[in-house]
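Below is one structure, written out as structure tokens; the observations come after it.
Protein chains: 2
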Amino acid sequence: MHYQLYYWPFIQGRGEYVRLALEDAEANYTDVARGKGGTGAMMKLMEGHKGTPPFAPPFLTSGKLVIGQTANILLYLGARHGLAPKAEAGKLWVHQLQLTVADFVLEIHDTHHPLGPSLYYEDQKAPAKKRTEEFWKSRVPKYLGYFEDLVKDNGGAFVTGRRATYADLSLFQIVEGLRYAFPQRMAAFEKQVPRVVALHDRVAERPNIKAYLASKRRIPFNEDGIFRRYKALDL
Amino acid sequence: MHYQLYYWPFIQGRGEYVRLALEDAEANYTDVARGKGGTGAMMKLMEGHKGTPPFAPPFLTSGKLVIGQTANILLYLGARHGLAPKAEAGKLWVHQLQLTVADFVLEIHDTHHPLGPSLYYEDQKAPAKKRTEEFWKSRVPKYLGYFEDLVKDNGGAFVTGRRATYADLSLFQIVEGLRYAFPQRMAAFEKQVPRVVALHDRVAERPNIKAYLASKRRIPFNEDGIFRRYKALDL
């Protein structure tokens, strides 16, 4: 199967969770909007599709299927590429964890956009500062503490046990992103979640992920994505 | 199968999307925390479960399965109770729509909590006002306009066509909630999405839903849930 991934070409954003799964699985895919036509085909498919138009990027096409929503794409890919159990119980469990990661990603985004996605960061600096304080005081410990406990209870390798799933790839990205966006805060926090950090390192060493991270296919972090480095928010 | 639903007993909140599906399906379930033991068993299961502890309510148990995350619970129930297609393509499409509803629900919550869930509304009134303006200016038209177009393109009955799915039950709840929280704004907005309003009415007339809404099992809206009526935000 050859997949087409549709996502914004200049950011990691939510598309990155899909890219990491496709890369780890050595799946055959085209990152469409990074090609010659840019975002043209993506916009056309979103606006013109008469059956199942996605609400927003990222979305993936696989034959006639058009699959939107990051966690839904991973649900689809996980079953096909050994990145999730095939049995229902395990499948639902990994998906549940991914949806929890998705909630966290939204809260990460809201640190710089507490007044909503339609205003610029520059227009919401003071509320962003306040939201970021709360985020590090209560939300980061709650989310990463939850995953830390899971890794601990499941034997210490990956979040659901001995085998990596797409949820582990996403947790890798969360650690990478928090390090990029909040270098000082994250450096101080990491000692509270040593198993999550070790899981991150384990994912980074997977051969396909390692090759991907070293390639030009990995877009660098920047201040248009989910994880943004704003000095005022890291102090 | 007898299900146990675990959710906060005094609010509709995210649990309501699950309750609506269980009620529409005439499923056999206990709303555990509304029983004698209150939230005790729920907290115990969240904190003490050694295999698959949920991050937060709502969660559902079905035999040995513990299923968390609203959309994930609906994915599980939809397949079993005729509230989603059984074939993969249709299943993924309904789930995708539900995840889009979930994103919208989070943005609805953020209108009164832009600085995060850990502070009171009273401590974030000014940012809440600003976020609410943006929400009605750009987000409500974008989300409800998307569903309006889907209903239109799919023939005018439900969001995916002639048969109701759990995504339709959730859209019903969105309309109910916006009417409760923002009576003036919503009254003015509804003419832009006549098909979504008609879909809401169609769901309200389903016999099991109608009976549920008239029963004591339906908790009234209040200012501890997702949809909160704050006069200052409706002006």
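Chain order of the listed sequences is C and Y. Numbered per my numbering, the first sequence spans residues 1 to 235. Numbered per my numbering, the second sequence spans residues 1 to 235. Heads up, the beta-carbon is just placed ideally off N, CA and C, and yes, glycines get one too.
For the segment 145-173 of chain Y, list every residue whose C-beta sits within 7 Å of some C-beta in chain C, in sequence order. Only Tyr146, Asp153 from the segment 145-173 of chain Y bring a Cβ to less than 7 Å from some Cβ of chain C.
When Cβ atoms are compared, which residues of the segment 43-57 of chain C fall closer than 9 Å to chain Y? Result list: Lys50, Gly51, Thr52, Pro53, Pro54, Phe55, Ala56.
Less than 9 Å separating the beta-carbons of aspartate 149 (chain Y) and proline 194 (chain C)? As a position in the second sequence, residue 149 (chain Y) is number 149, starting the count at 1. As a position in the first sequence, residue 194 (chain C) is number 194, starting the count at 1. At least 9 Å separates the beta-carbon of aspartate 149 (chain Y) from that of proline 194 (chain C).
Is the Cβ of asparagine 222 (chain C) closer than 9 Å to any Cβ of chain Y? Here residue 222 (chain C) is taken as the residue at index 222 of the first sequence, counted from 1. Residue-level contact check: asparagine 222 (chain C) does not touch chain Y, since none of the beta carbons of chain Y fall below 9 Å from its beta carbon.
Cβ-based contacts, 7 Å cut-off: residues of the segment 81-95 of chain Y near chain C: From the segment 81-95 of chain Y, only Ala89, Leu92, Trp93, His95 have a Cβ closer than 7 Å to chain C.
For glycine 177 (chain C), which residues of its own chain have a beta-carbon under 6 Å away from its beta-carbon, when the five flanking residues on both sides are left out? On the first sequence, position 177 is the one that residue 177 (chain C) refers to. Excluding five sequence positions before and after glycine 177 (chain C), the CB atoms of its chain that fall closer than 6 Å to its own CB belong to Phe227, given in chain order.
Measuring straight from C-alpha to C-alpha, what distance separates phenylalanine 221 (chain Y) and alanine 181 (chain Y)? Counted from its first residue, the second sequence places residue 221 (chain Y) at position 221. Counted from its first residue, the second sequence places residue 181 (chain Y) at position 181. Here the alpha carbon of phenylalanine 221 (chain Y) sits roughly 9 Å from the alpha carbon of alanine 181 (chain Y).
What residue range is occupied by the uninterrupted alpha helix (DSSP H) comprising asparagine 154 (chain C)? Your numbering for residue 154 (chain C) matches position 154 in the first sequence. Per DSSP, asparagine 154 (chain C) belongs to no alpha helix (DSSP H) and is neither H nor E.
Rounded to a whole number of angstroms, what is the C-alpha to C-alpha distance between valine 101 (chain Y) and alanine 167 (chain Y)? Here residue 101 (chain Y) is taken as the residue at index 101 of the second sequence, counted from 1. Here residue 167 (chain Y) is taken as the residue at index 167 of the second sequence, counted from 1. Cα atoms of valine 101 (chain Y) and alanine 167 (chain Y): separation of roughly 8 Å, rounded to the nearest angstrom.
Where are the alpha helix (DSSP H) runs, 4 residues long or more, that stay fully inside the segment 45-108 of chain C, in chain order? Correct list: 70-80.
Taking the alpha-carbon of valine 94 (chain C) as reference, which of C:Met42, C:Phe147, C:Phe135 has the nearest alpha-carbon? Within the first sequence, the letter at position 94 stands for residue 94 (chain C). Relative to the Cα of valine 94 (chain C), the nearest Cα in the group C:Met42, C:Phe147, C:Phe135 belongs to C:Phe147.
May I ask you to report which of helix, strand or coil DSSP gives asparagine 28 (chain C)? In the first sequence, counting from the first residue as 1, residue 28 (chain C) sits at position 28. In this structure, asparagine 28 (chain C) counts as strand in the three-state DSSP scheme.
Under 8 Å by Cβ, that's how I've got histidine 112 (chain C) and alanine 126 (chain C) pegged, so tell me the actual separation to the nearest angstrom. As a working note, residue 112 (chain C) is residue 112 in the first sequence. As a working note, residue 126 (chain C) is residue 126 in the first sequence. For a cut-off of 8 Å, the C-beta gap from histidine 112 (chain C) to alanine 126 (chain C) is around 12 Å, too long to register as a contact.
Any beta-carbon of chain Y closer than 9 Å to the one on glutamate 122 (chain C)? Position 122 of the first sequence, counted from the first residue, corresponds to residue 122 (chain C). It does not: the Cβ of glutamate 122 (chain C) has no partner Cβ on chain Y nearer than 9 Å.
Can you give me the start and stop residues for the alpha helix (DSSP H) that histidine 200 (chain Y) sits inside? Here residue 200 (chain Y) is taken as the residue at index 200 of the second sequence, counted from 1. Run containing histidine 200 (chain Y): 194-204, per the alpha helix (DSSP H) assignment.
Taking DSSP's pairing of strands, which residues face leucine 5 (chain C) in a bridge? Within the first sequence, residue 5 (chain C) is the residue found at index 5, counting from 1. Paired residue(s): C:Asp31, C:Leu60.
Run the CB neighbour count on asparagine 72 (chain C), radius 10 Å, all protein chains shown included, and call it buried at 16 or more, exposed below. Translated into the one-based positions of the first sequence, residue 72 (chain C) becomes position 72. By the 10 Å Cβ count, asparagine 72 (chain C) comes out buried.
Please state if the CB of alanine 33 (chain C) and the CB of proline 9 (chain C) are separated by a distance shorter than 9 Å. By 1-based counting over the first sequence, the position of residue 9 (chain C) is 9. By 1-based counting over the first sequence, the position of residue 33 (chain C) is 33. It is a contact, given that the beta carbons lie within the stated cut-off.
Quick one: is aspartate 103 (chain C) near chain Y, going by C-beta distance under 9 Å? Within the first sequence, residue 103 (chain C) is the residue found at index 103, counting from 1. So, interface residue.
Within chain Y, the residues that isoleucine 226 (chain C) reaches when beta carbons sit closer than 9 Å: For this step, residue 226 (chain C) is matched to residue 226 along the first sequence. The contacting residues do not exist; isoleucine 226 (chain C) stays about 14 Å from chain Y at best.
Interface residues of chain C around glycine 16 (chain Y) at Cβ under 8 Å? The residue you call residue 16 (chain Y) lines up with position 16 of the second sequence. In the sequence on display, residue 16 (chain Y) carries glutamate and not glycine. Neighbours of glutamate 16 (chain Y) across chain C, judged by C-beta separation under 8 Å, do not exist; the nearest C-beta is about 17 Å away.
So which residues on chain Y does proline 127 (chain C) lean against when the C-beta distance must stay under 9 Å? Within the first sequence, numbered from 1, the residue matching residue 127 (chain C) stands at position 127. Residues of chain Y with a Cβ closer than 9 Å to the Cβ of proline 127 (chain C) are, in chain order, Pro114, Leu115, Gln124, Ala126, Pro127, Lys130, Arg131.
Run the CB neighbour count on glycine 156 (chain Y), radius 10 Å, all protein chains shown included, and call it buried at 16 or more, exposed below. Stepping through the second sequence from its first residue, residue 156 (chain Y) is reached at position 156. Under this definition glycine 156 (chain Y) is an exposed residue.
Quick check on glycine 239 (chain Y): does DSSP put it in helix, strand or coil? Given that chain Y is displayed from residue 1 to residue 235, the structure contains no residue 239 (chain Y) and the question cannot be resolved.
Count Cβ pairs between the segment 55-64 of chain Y and the segment 14-28 of chain Y that sit closer than 8 Å; are there 3 or more? Yes, the segment 55-64 of chain Y is in contact with the segment 14-28 of chain Y.
For a cutoff of 9 Å on Cβ pairs, would you count threonine 100 (chain C) as touching chain Y? Mapped onto the first sequence, residue 100 (chain C) falls at position 100. Interface flag for threonine 100 (chain C) against chain Y is set, since a Cβ pair is found closer than 9 Å.
May I ask you to verify whether the segment 192-208 of chain C touches the segment 115-122 of chain C, counting CB pairs closer than 8 Å and requiring at least 3? With a cut-off of 8 Å, the segment 115-122 of chain C and the segment 192-208 of chain C do not count as touching, because too few Cβ pairs lie within range.
Taking Cβ positions only, does glycine 68 (chain Y) come closer than 9 Å to chain C? For this step, residue 68 (chain Y) is matched to residue 68 along the second sequence. Yes, its Cβ sits closer than 9 Å to a Cβ of chain C.
Comparing C-alpha positions only, which one of C:Asp123, C:Ile108, C:Gly82 sits nearest to glutamate 133 (chain C)? Position 133 of the first sequence, counted from the first residue, corresponds to residue 133 (chain C). If we check each option's Cα against that of glutamate 133 (chain C), C:Ile108 comes out closest.
Which residues in the same chain as threonine 70 (chain Y) place their Cβ atom closer than 7 Å to its Cβ, once the five residues preceding and following it in sequence are excluded? Taking the second sequence and counting its residues from 1, the one referred to as residue 70 (chain Y) is at position 70. Cβ within range, chain order: Arg14, Tyr17, Val18, Pro58, Ala102.
DSSP three-state assignment for threonine 111 (chain C), whether helix, strand or coil: The count along the first sequence starts at 1 and reaches residue 111 (chain C) at position 111. In this structure, threonine 111 (chain C) counts as helix in the three-state DSSP scheme.
How would you list, in chain order, the residues of chain C whose beta-carbon sits under 7 Å from the beta-carbon of leucine 285 (chain Y)? Outside the shown range of chain Y (1 to 235) lies residue 285 (chain Y), about which nothing can therefore be said.
Cα-Cα separation between glutamine 211 (chain C) and leucine 22 (chain C), rounded to whole angstroms: Numbered from its first residue, the first sequence carries residue 211 (chain C) at position 211. Numbered from its first residue, the first sequence carries residue 22 (chain C) at position 22. The question names glutamine, yet the displayed sequence has alanine at residue 211 (chain C). Between the alpha carbons of alanine 211 (chain C) and leucine 22 (chain C) lies a distance of about 13 Å.
So, is the C-beta of aspartate 110 (chain Y) closer than 9 Å to a C-beta in chain C? Here residue 110 (chain Y) is taken as the residue at index 110 of the second sequence, counted from 1. True, the Cβ-Cβ gap to chain C drops below 9 Å.
With a threshold of 6 Å on Cβ separation, who are the neighbours of aspartate 31 (chain Y) within its own chain once the five nearest residues in sequence on each side are excluded? On the second sequence, position 31 is the one that residue 31 (chain Y) refers to. Contacts found: Leu5.
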